[in-house]
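Visitor: One structure coming up, written as structure tokens, with questions to follow.
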Amino acid sequence: MVTPQDVVIALSNSGESNEILALIPVLKRQQVKLICITSRPESSMARAADIHLCVKVPKEACPLGLAPTSSTTAALVMGDALRVALLEARGFTAEDFALSHPGGALGRKLLLRVNDIMHTGDEIPHVGLQATLRDALLEITRKNLGMTAICDDDMNIIGIFTDGDLRRVFDTGVDMPRCQHCRRHDPGRYPHPPRHSGGGCVKPDAIPSYHLRAGCRWRPSAGCGTYARSAARGRSVSKEKIMNNADAQLATCYGPVSQAFVDRAAKIRLLILDVDGVLSDGLIYMGNHGEELKAFNVRDGYGIRCALTSGIEVAIITGRKAKLVEDRCQTLGITHLYQGQSDKLLAFRDLTDKLHVRPEEVAYIGDDLIDWPVMAEVGLSVAVADAHPLLLPRANYVTRINGGRGAVREVCDLLLLAQGKLDEAKGQSI
Numbered sequence: 001m002v003t004p005q006d007v008v009i010a011l012s013n014s015g016e017s018n019e020i021l022a023l024i025p026v027l028k029r030q031q032v033k034l035i036c037i038t039s040r041p042e043s044s045m046a047r048a049a050d051i052h053l054c055v056k057v058p059k060e061a062c063p064l065g066l067a068p069t070s071s072t073t074a075a076l077v078m079g080d081a082l083r084v085a086l087l088e089a090r091g092f093t094a095e096d097f098a099l100s101h102p103g104g105a106l107g108r109k110l111l112l113r114v115n116d117i118m119h120t121g122d123e124i125p126h127v128g129l130q131a132t133l134r135d136a137l138l139e140i141t142r143k144n145l146g147m148t149a150i151c152d153d154d155m156n157i158i159g160i161f162t163d164g165d166l167r168r169v170f171d172t173g174v175d176m177p178r179c180q181h182c183r184r185h186d187p188g189r190y191p192h193p194p195r196h197s198g199g200g201c202v203k204p205d206a207i208p209s210y211h212l213r214a215g216c217r218w219r220p221s222a223g224c225g226t227y228a229r230s231a232a233r234g235r236s237v238s239k240e241k242i243m244n245n246a247d248a249q250l251a252t253c254y255g256p257v258s259q260a261f262v263d264r265a266a267k268i269r270l271l272i273l274d275v276d277g278v279l280s281d282g283l284i285y286m287g288n289h290g291e292e293l294k295a296f297n298v299r300d301g302y303g304i305r306c307a308l309t310s311g312i313e314v315a316i317i318t319g320r321k322a323k324l325v326e327d328r329c330q331t332l333g334i335t336h337l338y339q340g341q342s343d344k345l346l347a348f349r350d351l352t353d354k355l356h357v358r359p360e361e362v363a364y365i366g367d368d369l370i371d372w373p374v375m376a377e378v379g380l381s382v383a384v385a386d387a388h389p390l391l392l393p394r395a396n397y398v399t400r401i402n403g404g405r406g407a408v409r410e411v412c413d414l415l416l417l418a419q420g421k422l423d424e425a426k427g428q429s430i
């Protein structure tokens with residue numbers, strides 16, 4: 001519907017388009033202002049217009065001189081100029097733009113409020129202080145938020161229990177139908193480590209508890225004082241030091257790791273990384289002009305440099321291709337880069353042949369099923385904490401930290417720890 005208060009903008013290269021010329025008498029009767037954009041000032045549309053904007057070009061960019069190319073570009077430029085002038089004349093603000101595009105980045109930034117996305121009431125998963133591990137797992141699954149609050153009888157939050165905490169519980173060797181996962185502790189006191197009942201088992205009442213005000217978690221003991229002290233100093237640990245206990249674990253700043261992991265990590269000469277979801281958080285930021293941005297974690301970069309300076313080769317095999325990955329590799333000193341690899345196994349075999357490295361001397365960090373063919377071949381397969389659910393149970397090790405948030409640094413530190421080189425990397429200026 002056109003009203004007398006409207007302004008009509010008509011575009012035609014020749015200025016003789018019949019469908020537009022047929023509208024002009026109607027617009028004139030309604031006294032509607034008409035702006036025509038053509039390449040011919042002498043055209044019918046130009047003569048009938050209240051304002052004529054000439055966008056004549058010397059010739060079309062088309063090599064045949066037939067397809068409208070340069071002329072359409074000139075018309076678009078003039079249209080953009082009119083739009084900008086109109087925005088300024090009407091005082092159009094960012095808030096006005098957001099109201100017209102609520103789903104866009106600006107709309108979400110200016111219009112979205114915390115209460116629009118906050119979960120409240122019964123939507124929040126919660127269990128009581130006496131709940132079992134099974135109760136907590138079922139509540140996490142029902143509410144689908146990856147965690148559950150632990151509340152007292154007055155519904156005050158005492159702590160939280162996440163799916164990551166559940167994995168750490170199973171890492172301690174606990175796997176039984178019912179076990180109490182939460183106990184009350186003095187919030188001002190650091191919780192004590194769980195008690196071992198012998199044979200590598202943790203008592204059911206010693207599973208990690210979490211207290212929001214305490215701000216700390218239990219970390220299981222390594223079960224052997226000599227073993228734990230040597231690990232803390234970054235020394236490699238022999239099997240004799242753990243007294244032939246197959247269930248003994250190495251206490252690290254990332255939590256306990258098994259002797260099987262230590263044995264595998266001690267052999268690693270080559271560390272291979274995926275990019276999206278491992279070096280980055282998996283998000284891709286797209287600009288208005290199609291540019292692609294990713295964020296990398298400086299702690300991961302430090303870990304990579306420590307690994308390289310300690311004699312561990314580092315390579316990247318990724319399914320996507322981006323210039324910023326090349327730049328990141330150049331910054332960190334990574335010389336082995338395979339981009340655009342739909343079949344990562346081919347790149348893996350080419351890389352191991354080139355470096356004369358056996359598969360059992362390779363560690364690979366992945367986050368999705370495309371990584372599994374390579375992970376199945378290597379000596380140490382690692383999945384980041386937020387990897388695809390089907391990948392997590394297949395990996396030799398699951399990081400405590402999410403991809404793009406320091407997971408690569410975690411693996412680098414543990415490799416250097418297993419090889420007795422962590423002390424050498426401390427304090428390096430990289």
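Just so it is clear: in the sequence shown, position 80 is 80 by full-length UniProt numbering, and no numbers are missing. For every residue, glycine included, the Cβ atom is placed at its ideal position computed from N, Cα and C.
Hey, out of G366, L82, G159 and L166, whose CA is closest to L390's CA?
Guide: Taking only the C-alpha atoms, the option nearest L390 is G366.
Visitor: DSSP on residue 498, reduced to helix/strand/coil?
Guide: Residue 498 cannot be examined here, being either before or after the span of the chain that is shown, 1 to 430.
Visitor: CA-CA distance, E19 and R90?
Guide: Each residue's alpha carbon lies about 30 Å from the other.
Visitor: Could you please give me the residues that DSSP links to residue 440 through a beta bridge?
Guide: The structure shown does not extend to residue 440, since the chain spans only 1 to 430, so no value can be given for it.
Visitor: At the level of alpha carbons, what is the spacing between R394 and A265?
Guide: So the alpha carbons of these two residues sit roughly 17 Å apart.
Visitor: Would you say V127 and I150 are within 8 Å of each other, going by their C-beta atoms?
Guide: Yes, the pair counts as a contact, with Cβ atoms nearer than the cut-off.
Visitor: Mind pulling the alpha helix (DSSP H) runs of 4 or more residues that sit fully within the UniProt domain "SIS" (1-92)?
Guide: Complete alpha helix (DSSP H) runs here, min 4: 18-21, 24-29, 44-48 and 70-90.
Visitor: Distance, Cα to Cα, L293 vs V398?
Guide: If you take the alpha carbons of L293 and V398, they lie about 27 Å apart.
Visitor: Alpha carbon to alpha carbon, how far is L86 from F92?
Guide: The straight-line gap from Cα to Cα measures roughly 8 Å.
Visitor: My output table needs one value for C151: the three-state DSSP class, helix, strand or coil.
Guide: Three-state result, C151: strand.
Visitor: Could you pull out every residue in the same chain whose Cβ sits closer than 7 Å to the Cβ of P373, ignoring the five residues on either side in sequence?
Guide: K344 and L345.
Visitor: Can the beta-carbon of L270 be found less than 8 Å from the beta-carbon of V357?
Guide: Taking 8 Å as the Cβ cut-off, L270 and V357 qualify as a contacting pair.
Visitor: Going by DSSP in three states, M375 sits in which element: helix, strand or coil?
Guide: It is helical.
Visitor: Identify the continuous beta strand (DSSP E) that holds L271 and give its terminal residues.
Guide: Residues L270 to L273.
Visitor: List, from N- to C-terminal side, the alpha helix (DSSP H) runs of 4 residues or more that fit wholly inside the region 318-370.
Guide: List check, alpha helix (DSSP H) in window: 323-332 and 344-355.
Visitor: Tell me, to the nearest whole angstrom, how far the beta carbon of V84 is from that of S70; I am working on the premise that it is less than 8 Å.
Guide: That pair is no contact at about 21 Å.
Visitor: Do the CB positions of Q30 and V2 come within less than 8 Å of each other?
Guide: Closer than 8 Å, so yes.
Visitor: Kindly give me the distance between the Cβ atoms of A48 and I9, rounded to whole angstroms, as I take these residues to be in contact under 8 Å.
Guide: The pair is not a contact, with the Cβ atoms about 14 Å apart (cut-off 8 Å).
Visitor: Compute the Euclidean distance between the alpha carbons of V262 and Y285, then round it to the nearest angstrom.
Guide: About 37 Å.
Visitor: Using DSSP bridges, identify the partner residues of P256.
Guide: Per DSSP, A251.
Visitor: Should V384 go down as buried or exposed, given a rule of 16 or more other Cβ atoms within 10 Å for buried?
Guide: So V384 ends up on the buried side.
Visitor: Would you mind sorting I304 into buried or exposed? The rule is 16 or more other CB atoms within 10 Å of its CB.
Guide: It counts as buried.
Visitor: Three-state secondary structure (DSSP) at G282?
Guide: Note: G282 maps to coil in three-state DSSP.
Visitor: So for V384, helix, strand or coil by DSSP?
Guide: The answer is coil: DSSP assigns V384 none of H, G, I, E or B.
Visitor: Could you check what DSSP says for G164 in three-state terms: helix, strand or coil?
Guide: Helix, per DSSP.
Visitor: For A395, which three-state DSSP category applies?
Guide: Here A395 sits in coil by DSSP.
Visitor: Apply the 10 Å Cβ neighbour rule to residue 435 and answer buried if 16 or more other Cβ atoms are within range, or exposed otherwise.
Guide: Given that the chain is displayed from residue 1 to residue 430, the structure contains no residue 435 and the question cannot be resolved.
Visitor: Let me know the secondary structure DSSP gives T132 once reduced to three states.
Guide: It is a strand residue.
Visitor: Of the choices L355, K321 and K323, whose alpha-carbon is the least far from that of H336?
Guide: The candidate whose alpha carbon is nearest that of H336 is L355.
Visitor: Roughly how many whole angstroms lie between the Cα atoms of L279 and L133?
Guide: About 33 Å.
Visitor: Cβ of G277 within 8 Å of Cβ of G164?
Guide: Contact flag unset, no.
Visitor: Does G159 come out as helix, strand or coil in the three-state DSSP assignment?
Guide: DSSP places G159 in strand when its eight states are reduced to three.
Visitor: Whose C-beta lies closer than 7 Å to the C-beta of N13 among residues of the same chain, with five residues either side of it excluded?
Guide: Counting only Cβ-Cβ distances below 7 Å, and skipping sequence neighbours, we find T38, S39, P68 and S71.
Visitor: Quick one: what's got a C-beta closer than 6 Å to N396's C-beta in the same chain, skipping five residues either side?
Guide: Within the same chain, N396 has close Cβ partners L380 and S381.
Visitor: Determine the burial state of E291: buried for a count of at least 16 other Cβ atoms within 10 Å of its Cβ, exposed for fewer.
Guide: With fewer than 16 Cβ atoms within 10 Å of its Cβ, E291 is classed as exposed.
Visitor: Under three-state DSSP, which class holds I312?
Guide: Coil, per DSSP.
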